[in-house]
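Going down the list, the sequences are from chains A and B.
To convert, note that position 15 of the first sequence is 15 in full-length UniProt numbering; the numbers rise steadily by one, no gaps.
To convert, note that position 106 of the second sequence is 106 in full-length UniProt numbering; the numbers rise steadily by one, no gaps.
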Amino acid sequence: MAIRLSIRSLEQNGASIDVLRAAYANLKSVSDERGFDWFAATHGAPTPIWCPHGSPLFLPWHRAFLYYFELALQTRLGARFTQVAPERTEFADVGLPWWDWASDHSHTVGLPESYAVANVGGQPNPLANSEIGNPSSPLVSGVWSDGLISFIRTNPDFEGVITDVDPPTTRRDPDDADDLPRQSTIRNVLMRMETFADFTTSVEQIHDDVHGWVGGSMSSVPTSAYDPIFWSHHCMIDRLWHIWQNSSNAMDPPPDLMDTVLAPFPLTVAQVLDIDRMGYEYAVAAVA
Amino acid sequence: MIGYDSTISEKSSPAEGVEHIAMKFDLDIEDWETITRADLVFEDLSTVGSSYGLRVFFNNKKAAAGTKRTAKNGYAGRLTIFGHGECLGSEGHCSSASKVHVPQDTPAMPVLQHPTAPMKRILTVTPALDRVMRRYTKGLHTVTLVTVLHAPLRKNRKPMSGLLRCRRVSLRTYS
């Protein structure tokens, strides 16, 4: 059972954030379908773009997406989306942390310090950015061809999405910290939305606001999942859905969607409604 | 429960990134006080193209990109539209009419909606509309939409027309 804690909670326990960093670094070194590049590419470019936005599948699809990403972080992901014994026991219990961008702390500092700092202990911080088209990754370098990178660099729509170095990396250009979504907005969505359609539309809107707030790679669908903060942003969105699911307003997605497969993942909408059955939970803090 | 549904009657674009929508909405204060929620609803909104920010002002025809987001200026709220950018795939890839490709070894056939299918967006404007109903004797008459290109780098952000493409904008209230 993975316990997903807030980034702030991990930051207050240095050992936990170190393990998360090491797990990300390990994931980025995997060059097959169980690696960071594969997950980032599945969300956006290179094609096809799988993630449904503006659809009732937005929340279920991203829950499945995070579920398998977390298994990969834990080194529990086997071939064809199977779950296997962890290859690296030190990562077996890593939970994706959620970024509480509505907290007072976030409205003061903006991006979490642990994701913003460029280097840690003299080494590049794997939570700060990611390479796109890393030559050491045959999976990614093949599709993030020079032509595609050149297209992105020369297209005005994408100016600033990736850096000018080779291989390019993700970048950010965040707004003022106090422009992040407010707790009152979250409260309104959690307490006022009485249908799944209204809830998913409203929470996706907040999700869009944060993508735009971070800027750079996060401001564009094709590149956003290459930024490590993407995963903690979506973890917060998943947590809000979980909280709403446990509220008196909660409703399931429409019945005709329940058997929809959340491709490319072998899970249906019905199979992602209960996070307890999926093997993870949310907590503000935890002690052993 | 939907109490009222007021839609666009006419619109004009006086400056780059600024669009006025004539939207008549008025109630006696006694009736207004039965309203618990008011939403501005954008239907069939396209996400193809650049990301952009949308700021909404009530009864303020002078509102523009530089207008402060204050109650005094009629500020009602904002949205960010997370754009898919220019198509990176082959011809037809980003057409919402095209089918999502499914690998043959996927265990079951998905029915995923195309990622660029038009969507609905809701902006809850209850406090802003409440101020309008108490401040103006004839209620709401103009909704001003200011669209700002949300370029990846802040230095490139600027007001721009033509970013917002949707079939319908309506005001819905609930009691």
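All residues carry an ideal CB built from backbone N, CA and C; glycine is no exception.
Just so you know, these numbers come straight off a predicted model, no measurement behind them.
Contact check for GLU159(A) and LEU153(B): beta-carbon distance about 7 Å, within the 8 Å limit, so the pair qualifies. Taking the Cβ atoms as the reference, HIS234(A) lies roughly 14 Å from ILE275(A), outside the contact range of under 8 Å. Sequence-ordered contacts of the stretch 120-145 of chain B with chain A read LYS120, ARG121, ILE122, LEU123, THR124 [C-beta pairs closer than 8 Å].
With 16 or more other Cβ atoms from the protein chains shown falling within 10 Å of its own Cβ, ASN129(A) counts as buried. Look at the stretch 20-75 of chain B and you find these whole runs of beta strand (DSSP E), each 3 residues long or longer: 37-45, 52-58.
Between the alpha carbons of SER46(B) and ALA117(B) lies a gap of roughly 7 Å. In the three-state DSSP reduction, PRO14(B) falls in the strand class (E or B). Taken through DSSP and simplified to helix, strand or coil, MET1(A) comes out as coil. In terms of Cα proximity to ARG277(A), the closest of LEU20(A), ASP32(A), ARG63(A) is ARG63(A). Within the model, the alpha-carbon separation for ASP157(A) versus ALA151(B) is close to 7 Å. Under the 8 Å criterion on CB atoms, GLN205(A) is classed as interfacial with respect to chain B. Judged by DSSP in its simplified three-state form, TYR136(B) adopts coil rather than helix or strand. Interface flag for SER51(B) against chain A is set, since a Cβ pair is found closer than 8 Å. Rounded to the nearest whole angstrom, the C-alpha separation of GLU87(A) and GLN271(A) is 26 Å. Of all residues in the stretch 51-78 of chain B, those with a C-beta nearer than 7 Å to a C-beta of chain A are SER51, GLY53, reading in chain order. Only buried fits ARG34(A), as 16 or more other CB atoms lie within 10 angstroms of its CB. Beyond the five residues adjoining it in sequence on each side, THR126(B) comes within less than 7 Å, by CB distance, of ARG37, ALA38 in the same chain, given in chain order.
Where LEU71(A) is concerned, there is no enclosing beta strand (DSSP E), although the alpha helix (DSSP H) around it starts and stops at 58-73.
In this structure, ASN59(B) is the residue among ILE29(B), ASN59(B), HIS20(B) with its C-alpha nearest to the C-alpha of ALA128(B).
Contact note: HIS211(A) reaches chain B through SER51, THR80, PHE82, using a C-beta cutoff of 8 Å and chain order.
Counting the other CB atoms within 10 Å of its CB gives SER114(A) a total of 16 or more, which places it among the buried residues.
With distances taken between CA atoms, ALA71(B) lies nearest to MET133(B) out of MET133(B), SER175(B), VAL41(B). According to the DSSP assignment, VAL169(B) belongs to the beta strand (DSSP E) that extends over 168-174.
By the neighbour-count definition (other C-beta atoms within 10 Å, threshold 16), VAL146(B) is a buried residue.
Here the alpha carbon of ASP173(A) sits roughly 27 Å from the alpha carbon of ARG187(A). Listed in chain order, the positions of the stretch 152-166 of chain A with a beta carbon within less than 7 Å of a beta carbon of chain B are ASN155, ASP157, PHE158, GLU159, GLY160, VAL161. Assignment of beta-bridge partners to LEU77(A) by DSSP yields GLN83(A). Annotated as proximal: ASP93(A) and ALA2(A), with beta-carbon spacing under 8 Å. Proximity of ARG277(A) to chain B, defined by a Cβ-Cβ separation below 8 Å, is not satisfied. Within chain B, no residue has its beta carbon less than 9 Å from that of THR170(A); the closest one is some 10 Å off. Taking each of PRO264(A), ASN26(A), PRO266(A) in turn and checking the Cα distance to LEU127(A), the smallest one comes out for ASN26(A). In the assembly as shown, ASP44(B) is an exposed residue. Its beta-carbon has fewer than 16 other beta-carbons within 10 Å. Close to VAL269(A), with beta-carbon spacing below 7 Å, lies no residue of chain B; the smallest spacing is near 10 Å. Annotation for MET258(A): no beta strand (DSSP E) segment contains it, and DSSP assigns it neither H nor E. Taking a C-beta distance under 8 Å as the contact criterion, ALA102(A) and ARG182(A) qualify as a contact pair.
Judged by beta-carbon spacing, ILE206(A) lies within the 8 Å limit of VAL189(A), meaning their Cβ atoms are closer than that value.
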